[in-house]
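J.: In mature numbering (1 follows the signal peptide of the UniProt record, and there is no 0), the protein residues as written are -20 to -1, 1 to 364.
I'd like to ask some things about the structure below.
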């Protein structure tokens, strides 16, 4: 797969995995046929929330003790993007159906169905992916979505006022493939839109500064290169295999969750113009040639999709790992990780900080890679 990869540095949670392993949404283990999807619904809070299971490695600082305080919604089909509206409700996108739902405390409402089905591959990762609200949403009502078409992955936007208007393209020409499509969207404190893209299973794109793939892009709200980008185009950082999770913290730092191949999954702090090493390196380079991750895992313990920042930690949904990881971001324990909700809800995907201080965590058990449970897929409300 392209250039020889270096795999140096320590891995969180145990010994290195075999070379046959690969962190991908498409390689989590045995595949089974999903049950017919139930009708989506909101669900009452659980009366007996589970107890999180930490990793054996302790942290010196007091860690939050996350617990599932309830289920926000059930019966969904691979919920991926989540964007909170000013009134506390949320827009939630279903990857495989293209449905955009408004989720409230009292129910669900379909506000649009976007045309993504023609690009869906059995067991693939295309569809309706990330969502973001424009910083001036209160006045312009603009919602942004990352989705797959017959020709490409692209970012579109449309006005939302109870229903979604006609989407218009913002950024097109991002190469698509069955796997490694990226899909993260986040507006930064600078007002520009940050977009994470995968390498579309072509490792050469990640080091090609002219390619939109294998990057974190920084663009204006109309898709043009943002001012002061490091290479005079849309590229903000390069050397990425497949970043799905993208989130700013309250200090203005940008965090990314990245799928590795055979060496390491990563939590990265994204900086202007930095090269994160793919396909030359997975995990810590150890020689200073590439930007090292803040935390890394053996690929069978993570496969990180979404990332949120709350309580001084990054929180990552683990697909293959079937857990919620937390990583300390600052201080003497920076980079330390703990494992929560281990195996209790299956594959965990998106993690978003809610206005009430909780986390919304989505499951991904109807994506054809595990046996769905009754009520899947669901949105969990996790208190910290």
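Just so it is clear, CB atoms sit at the ideal spot from N, CA and C, and this is done for glycine as well.
Predicted model, so just to flag it, every value in this text is computed and none were measured.
Suppose you measure from the CA of residue 162 to the CA of residue 45; what does that come to, to the nearest Å?
T.: Using only the alpha carbons, I get a separation of about 30 Å.
J.: Quick check: what's the CA-CA separation for residue 77 versus residue 350?
T.: Rounded to whole angstroms, residue 77 to residue 350 spans 18 Å at the Cα level.
J.: Which runs of the beta strand (DSSP E) fall wholly inside the segment 115 to 146 and span at least 3 residues, in chain order?
T.: Complete beta strand (DSSP E) runs here, min 3: 122 to 128 and 133 to 139.
J.: With burial defined as no fewer than 16 other Cβ atoms inside 10 Å of the residue's Cβ, what is the status of residue 272: buried or exposed?
T.: Buried, since its Cβ has 16 or more Cβ neighbours within 10 Å.
J.: From residue 293 to residue 340, what does the alpha carbon distance come to, in whole angstroms?
T.: So the two alpha carbons sit approximately 15 Å from each other.
J.: Classify residue 267 as buried or exposed, calling it buried when 16 or more other Cβ atoms lie within 10 Å of its own Cβ.
T.: Residue 267 comes out exposed.
J.: Considering only the beta carbon of each residue, do residue 297 and residue 338 sit closer than 8 Å?
T.: No, the pair does not count as a contact, with Cβ atoms beyond the cut-off.
J.: Nearest to residue 84 by CA position, among 223, 254, 264 and 63, is which residue?
T.: Answer by Cα proximity: 63.
J.: Is it buried or exposed, residue 354, if we count other Cβ atoms within 10 angstroms and call 16 or more buried?
T.: By the neighbour-count rule (16 or more Cβ atoms within 10 Å), residue 354 is not buried but exposed.
J.: Would residue 120 be called buried (16 or more neighbouring beta carbons within 10 Å of its own) or exposed?
T.: Under this definition residue 120 is an exposed residue.
J.: Taking the DSSP output, what are the residues bridged to residue 195?
T.: Residue 195 is bridged to 218.
J.: Check whether the segment 120 to 133 and the segment 142 to 158 touch, using three or more Cβ-Cβ pairs below 8 Å as the test.
T.: Segments in contact, yes.
J.: Going by the beta-carbon positions, is the gap between residue 239 and residue 251 smaller than 8 Å?
T.: In this structure, residue 251 does not lie closer than 8 Å to residue 239 by Cβ.
J.: With three or more C-beta pairs closer than 8 Å as the rule, is the segment 194 to 203 touching the segment 213 to 227?
T.: The answer is yes - the segment 194 to 203 touches the segment 213 to 227, with three or more Cβ pairs under 8 Å.
J.: Roughly how far, in whole angstroms, is the beta-carbon of residue 299 from the beta-carbon of residue 316, given that I think they are within contact range, below 8 Å?
T.: Not confirmed; about 22 Å, so no contact.
J.: Using a 10 Å radius around the Cβ and a threshold of 16 neighbouring Cβ atoms, would you call residue 95 buried or exposed?
T.: That one is exposed.
J.: Which value, in whole angstroms, describes the spacing of the CA atoms of residue 270 and residue 146?
T.: For residue 270 and residue 146, the distance between alpha carbons rounds to 42 Å.
J.: Under 8 Å by Cβ, that's how I've got residue 225 and residue 168 pegged, so tell me the actual separation to the nearest angstrom.
T.: Their Cβ separation, rounded to whole angstroms, is 15 Å, which puts residue 225 and residue 168 out of contact at 8 Å.
J.: Report the rounded CA-to-CA distance for residue 244 versus residue 276, giving the unit in angstroms.
T.: Approximately 6 Å, taken between the alpha carbons.
J.: Under three-state DSSP, which class holds residue 279?
T.: DSSP places residue 279 in helix when its eight states are reduced to three.
J.: Short of 6 Å in beta carbon distance, which residues of its chain neighbour residue 141, apart from the five on each side in sequence? Order them along the chain.
T.: So the list reads 121, once near-sequence residues are dropped.
J.: From what residue to what residue does the beta strand (DSSP E) around residue 285 run?
T.: Unbroken beta strand (DSSP E) run through residue 285: 284 to 290.
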